[in-house]
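Enquirer: Protein chains in written order, with the working numbering: chain A, 1 to 245; chain B, 246 to 565.
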Ligand SMILES: Cc1cc2nc3c(=O)[nH]c(=O)nc-3n(C[C@H](O)[C@H](O)[C@H](O)COP(=O)(O)OP(=O)(O)OC[C@H]3O[C@@H](n4cnc5c(N)ncnc54)[C@H](O)[C@@H]3O)c2cc1C
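1) Closer than 7 Å, Cβ to any Cβ of chain A: which residues of the region 422 to 441 of chain B, in chain order?
2) Give every residue whose Cβ lies closer than 5 Å to any heavy atom of ligand 3, listed in chain order.
3) Should the region 501 to 516 of chain B be regarded as contacting the region 393 to 405 of chain B, the criterion being three or more beta carbon pairs within less than 8 Å?
4) So residue 390/B contacts chain A; which residues on that side make the cut at Cβ distance below 8 Å?
5) Pick helix, strand or coil for residue 157/A, following the three-state DSSP scheme.
6) Taking buried to mean at least 16 other C-beta atoms within 10 Å of its own C-beta, is residue 477/B buried or exposed?
7) According to DSSP, is residue 221/A part of a helix, a strand, or is it coil?
8) Using only CA atoms, which one of 546/B, 362/B and 381/B lies nearest to residue 375/B?
9) Which residues mark the beginning and the end of the alpha helix (DSSP H) in which residue 376/B is found?
10) Find out if the Cβ-Cβ distance for the pair residue 253/B, residue 340/B is shorter than 8 Å.
11) Label residue 522/B either buried or exposed according to how many other C-beta atoms from any shown protein chain fall within 10 Å of its C-beta, with 16 as the threshold for buried.
12) Could you name the residues of chain B that residue 98/A contacts, counting a contact when the two beta carbons are closer than 7 Å?
13) Based on the DSSP output, what are the partners of residue 113/A in its beta bridges?
14) Using CA coordinates, which residue listed in 263/B, 326/B, 385/B and 454/B is at the minimum distance from residue 510/B?
15) Under the rule that 16 or more other beta-carbon atoms within 10 Å means buried, what is residue 411/B, buried or exposed?
16) Enumerate, from N- to C-terminal direction, the unbroken alpha helix (DSSP H) stretches of 4 or more residues contained entirely within the region 448 to 501 of chain B.
17) Listed in chain order, which residues of the region 109 to 126 of chain A have Cβ atoms closer than 7 Å to some Cβ of chain B?
18) Which residues in chain A have a C-beta closer than 8 Å to the C-beta of residue 351/B? List them in chain order.
19) In chain order, what residues of the region 371 to 382 of chain B put their CB closer than 7 Å to some CB of chain A?
20) Please identify, using Cβ separations under 7 Å, the residues of the region 454 to 481 of chain B that lie next to chain A, in order along the chain.
21) Spatial neighbours of residue 393/B within its chain, please: CB distance less than 7 Å, with the 5 preceding and 5 following residues excluded, ordered by chain position.
22) Hey, how far is the Cα of residue 177/A from the Cα of residue 6/A?
23) Are the C-beta of residue 486/B and some C-beta of chain A separated by less than 8 Å?
24) What are the residues that DSSP puts in a beta bridge with residue 307/B?
25) Taking all protein chains shown into account, decide if residue 181/A is buried (16 or more other Cβ within 10 angstroms of its Cβ) or exposed.
26) Give, in chain order, every unbroken run of the beta strand (DSSP E) that is at least 3 residues long and sits entirely within the region 295 to 372 of chain B.
27) If you count every other CB in all the chains shown that lies within 10 Å of the CB of residue 12/A, and 16 or more means buried, which is it?
28) Taking the alpha-carbon positions, what's the residue 305/B to residue 106/A distance?
29) Any beta carbon of chain B sitting closer than 8 Å to that of residue 220/A?
30) What does the Cβ neighbour count give for residue 417/B, buried or exposed, with the cut at 16 atoms within 10 Å?
31) If you compare alpha carbons, which of 104/A, 142/A, 237/A and 219/A is closest to residue 226/A?
32) Quick check: residue 209/A and residue 391/B, are their CB atoms within less than 8 Å of each other?
33) State the start and end residues of the unbroken beta strand (DSSP E) segment that holds residue 397/B.
34) Considering only the alpha carbon of each residue, which of 535/B, 342/B, 526/B and 518/B lies closest to residue 157/A?
35) Just to confirm the assignment, what range does the alpha helix (DSSP H) spanning residue 92/A have?
36) Any beta carbon of chain A sitting closer than 8 Å to that of residue 552/B?
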């Protein structure tokens, strides 16, 4: 079985977001970049499937050279090789086109990725890739088992979950608790250095959307504290002042 | 060239988020000098379908094929793409939701559309087509220029308040050509809590964290939620520990919600938790630690023990 795991390189979840250049660029100063947390789930499940079935794992990132530490970490966790499409990943359609172009060259049985990136939160790439390849896409996937050429999947739906079965090949957007995140060990880190990381140029396309500028949310006003012995007053305030109940 | 709005159903009723999408789509139609058509897929009564008019839709296309009763993102995308073609729609609007996500992406792939997810305001049309969306899990906004011929806007829930009129929409049947490949995923079982207020749709949310000490104590959270007609939510460790189902987990790696009122009980307010709830209109924090970081992001705060405060709040709500 051949698995393609698509990963994003995103600011660490504790990052306070700020912009520069007249609010047209993310201020990367002091920001640590990590694998998208949802992508980590996808990779962790792929590694488990590799242990069980002897699958091979290729990681794919559409991103610039500064994403390579994130890619190396994925190799250290257990991917066999990596591809970086050398382009700024600004638009879901563009990113999907790159993934689909790579996927068309090799026949992957499973294309796994996070349910969404935590920068643009679009949650769209898996579906667009599925459509471009003419194969089913399912998201957000909480459980995944493979039995021959059949995938057994549990997907989250609003207010519950759904069990599904589908034939490979598939594109899946993953989330917890599909697997436990994996931390690279020393041996993994050493071998990751020698694993192949291929850099390819993007398949030429126009971007269908561009970001003109960014903005931060307006700060919240000061908190109004209510003494614990007058807690009931809160309900009055929510009713008469905030008018939300 | 009408604006097309996908109006999602839940048990035969147009969802609240879909009403918001219709209202939004109708406003965009007005701005573009055209009409708004809603597409509804699945079983619904004529009255329910016509009620799309109350939020601004002039027409409703109704696809009621029995194969479409179960929500299926791929098949629904095929139906909406055909409806868009029939109507010559260049702008498609829908609510950001679990089903919405599955559809939007397939639809964008089919139509080579420019899409903006988590849209929070009406577009600006003075110089192209620019929409504001929420990014970095609520920590920032982007102004997106959609350059493709077809544009898809997935509207973040609870960011637009529909105004209702008495109007009713004209309902027409819509018979799409269905495609077998869209039905290749088989649904084996569905496990859905019915009757409860769905968290992603809720106006009011009572949420609790590790401060509740264990699942056996959730009664006091549920009581307050029930008195308020609110949905319940939780922090990540609570769902990781299986005290509550994953579908209640809010935050960076859980649901992103934007209710009118979010009451956080015994939750510290880690940045990853805040990320999923910081676009709530009013935030109340109850925590026994006066230095809990959550107080910095709250509108109202009580330093106190949840086991004492929650039952008293429930009584106060019942007395309203
Ligand atoms: C990559 C990543 C993603 C994450 N995603 C999420 C996410 O999506 N959602 C999320 O919630 N977290 C997320 N986290 C975890 C997050 O960092 C925090 O660990 C988590 O939010 C803490 O949950 P908590 O506030 O319930 O528990 P704690 O941090 O243990 O806080 C419990 C709070 O309860 C208070 N308390 C205790 N007893 C009482 C009492 N009797 N009365 C009143 N108050 C009391 C305490 O003072 C304390 O403030 C993520 C972390 C990482 C690293």
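By construction, the Cβ of each residue, glycine as well, lies at the ideal position given by its N, Cα and C atoms.
Expert: So, to answer that:
1) 429, 430, 431, 432, 433, 434, 435, 436, 437, 438 and 441
2) Ligand 3 is absent from the structure shown, which contains only ligand 1.
3) yes
4) Taking the first residue of the second chain as position 1, residue 390/B is located at position 145. 209, 210, 211 and 212, listed in chain order.
5) On the first chain, position 157 is the one that residue 157/A refers to. The answer is strand: DSSP assigns residue 157/A an E or B state.
6) Against the second chain, residue 477/B aligns to sequence position 232. Classification of residue 477/B: buried, given that the 10 Å Cβ count is 16 or more.
7) In the first chain, the residue the question calls residue 221/A occupies position 221. Note: residue 221/A maps to coil in three-state DSSP.
8) Position 130 of the second chain, counted from the first residue, corresponds to residue 375/B. Checked all of 546/B, 362/B and 381/B; the closest Cα to residue 375/B is 362/B.
9) Position 131 of the second chain, counting from 1, holds the residue named residue 376/B. Careful: residue 376/B lies outside any alpha helix (DSSP H), inside the beta strand (DSSP E) at 375 to 380.
10) Within the second chain, the letter at position 8 stands for residue 253/B. Within the second chain, the letter at position 95 stands for residue 340/B. Result yes, Cβ atoms of residue 253/B and residue 340/B sit closer than 8 Å.
11) What you label residue 522/B is simply residue 277 of the second chain in a count that begins at 1. Residue 522/B comes out buried.
12) Within the first chain, the letter at position 98 stands for residue 98/A. Result: empty, since nearest Cβ-Cβ is about 14 Å, beyond 7 Å.
13) As a position in the first chain, residue 113/A is number 113, starting the count at 1. Note: residue 113/A sits in a beta bridge opposite 6/A and 173/A.
14) Along the second chain, read from residue 1 onward, the residue named residue 510/B stands at position 265. Ranking 263/B, 326/B, 385/B and 454/B by Cα distance to residue 510/B puts 454/B first.
15) Against the second chain, residue 411/B aligns to sequence position 166. Counting Cβ neighbours within 10 Å, residue 411/B comes out exposed, since fewer than 16 surround it.
16) 464 to 473 and 481 to 485
17) 118, 119, 120, 121, 122, 123, 124 and 126
18) As a first step, residue 351/B must be located in the second chain, where it is residue number 106. Ordered by position in chain A, the residues that pass the 8 Å Cβ test against residue 351/B are 127, 128, 130, 131 and 137.
19) 375, 380, 381 and 382
20) 473
21) Start at 1 with the first residue of the second chain, and residue 393/B comes out as number 148. Cβ within range, chain order: 357, 358 and 359.
22) Position 177 of the first chain, counted from the start, is the residue given in the question as residue 177/A. Position 6 of the first chain, counted from the start, is the residue given in the question as residue 6/A. In a straight line, the C-alpha of residue 177/A is about 18 Å away from that of residue 6/A.
23) Here residue 486/B is taken as the residue at index 241 of the second chain, counted from 1. Taking Cβ atoms only, chain A never reaches closer than 8 Å to residue 486/B, which makes this a no.
24) Counted from its first residue, the second chain places residue 307/B at position 62. Its beta-bridge partners are 285/B and 418/B.
25) Taking the first chain and counting its residues from 1, the one referred to as residue 181/A is at position 181. The residue in question, residue 181/A, is exposed, as its Cβ has fewer than 16 Cβ neighbours within 10 Å.
26) 304 to 308, 336 to 340 and 359 to 364
27) As a position in the first chain, residue 12/A is number 12, starting the count at 1. Residue 12/A should be labelled exposed.
28) Walking along the second chain from the start, residue 305/B turns up at place 60. Walking along the first chain from the start, residue 106/A turns up at place 106. Taking the straight line from one Cα to the other gives about 44 Å.
29) Taking the first chain and counting its residues from 1, one reaches residue 220/A at position 220. Closer than 8 Å to some Cβ of chain B, the Cβ of residue 220/A qualifies, so yes.
30) On the second chain, residue 417/B is found 172 positions in, with the first residue counted as 1. Answer is exposed; the Cβ neighbour count stays below 16.
31) Start at 1 with the first residue of the first chain, and residue 226/A comes out as number 226. Per the Cα distances, 237/A.
32) Working through the first chain from its first residue, we reach residue 209/A at position 209. Working through the second chain from its first residue, we reach residue 391/B at position 146. Yes, these two residues count as a Cβ contact at 8 Å.
33) As a working mapping, residue 397/B is identified with position 152 in the second chain. That run of the beta strand (DSSP E) goes 396 to 400.
34) Residue mapping note: residue 157/A aligns to position 157 of the first chain, counting from 1. The option with the nearest alpha carbon to residue 157/A is 342/B.
35) Position 92 of the first chain, counted from the start, is the residue given in the question as residue 92/A. Segment 92 to 105, the alpha helix (DSSP H) holding residue 92/A.
36) The count along the second chain starts at 1 and reaches residue 552/B at position 307. It does not; no Cβ of chain A falls within 8 Å.
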